[in-house]
Amino acid sequence: QVQLVESGGGLVQPGGSLRLSCAASGSIFSSSVMGWYRQAPGKERELVASISNSGSTFHADSVKGRFTISRDTIKNTMFLQMNSLKPEDTAVYFCNARVVRSNVAYWGQGTQVTVSS
Numbered sequence: 107q108v109q110l111v112e113s114g115g116g117l118v119q120p121g122g123s124l125r126l127s128c129a130a131s132g133s134i135f136s137s138s139v140m141g142w143y144r145q146a147p148g149k150e151r152e153l154v155a156s157i158s159n160s161g162s163t164f165h166a167d168s169v170k171g172r173f174t175i176s177r178d179t180i181k182n183t184m185f186l187q188m189n190s191l192k193p194e195d196t197a198v199y200f201c202n203a204r205v206v207r208s209n210v211a212y213w214g215q216g217t218q219v220t221v222s223s
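Plus 106 on top of the position in the sequence shown (first one is 1) and you've got the numbering used here.
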């Protein structure tokens, strides 16, 4: 059973930065597509960024140029560096791992990001 634990959320002013971390319980990066999703109140959960098992990355248009997804395969940790934060980035951010072979997905518990002055 894979466990994902997010950290790094908090309250930040517009224009500020945060770095989210997702620690995985096992060595799943080589077999999974990892991603960050977010869900704002009253809205559907949406994909923010993803990184494939080969290291290819995707960033949603709404965060492109401001957010960067990365991973440390030795520490089994994934990151989301968020710069130039906007109030509309306010949401609960979730870490996700989807095992490519089985298509089984795992979710973290989420971490709150609030962008407000």
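C-beta atoms are modelled at their ideal positions from N, C-alpha and C, and glycine is treated no differently.
Closer than 6 Å by C-beta to residue i: which residues in its own chain qualify, once you throw out the five before and the five after it? Chain order, please.
i       : result
Thr-163 : Ile-157, Ile-175
Val-198 : Gln-145, Gly-216, Gln-218
Leu-117 : Thr-220
Ile-134 : Val-108, Ala-203
What separation, rounded to the nearest whole angstrom, lies between the Cα atoms of residue i and residue j?
i       : j       : result
Ile-180 : Arg-207 : 22 Å
Gly-161 : Leu-110 : 19 Å
Leu-191 : Met-140 : 22 Å
Gly-114 : Ser-223 : 19 Å
Pro-193 : Pro-120 : 6 Å
Ser-127 : Thr-183 : 7 Å
By the 10 Å Cβ neighbour count, where 16 or more other Cβ atoms means buried, how is residue i classified, buried or exposed?
i       : result
Leu-186 : buried
Ala-130 : buried
Ala-211 : exposed
Glu-150 : exposed
Specify, as a first and last residue, the run of the beta strand (DSSP E) that residue i falls within.
i       : result
Val-108 : Val-108 -> no beta strand (DSSP E), and no H or E assigned at all.
Gly-116 : 116 to 118
Which complete beta strand (DSSP E) runs does the stretch 121 to 158 hold, if anything under 3 residues is left out? Listed in chain order, the beta strand (DSSP E) runs fully inside the stretch 121 to 158 are 124 to 130, 138 to 145, 152 to 157, counting runs of at least 3 residues.
Sequence ranges, alpha helix (DSSP H) only - wholly within the stretch 161 to 222, length at least 4: Not a single unbroken stretch of the alpha helix (DSSP H) spanning 4 or more residues falls wholly within the stretch 161 to 222.
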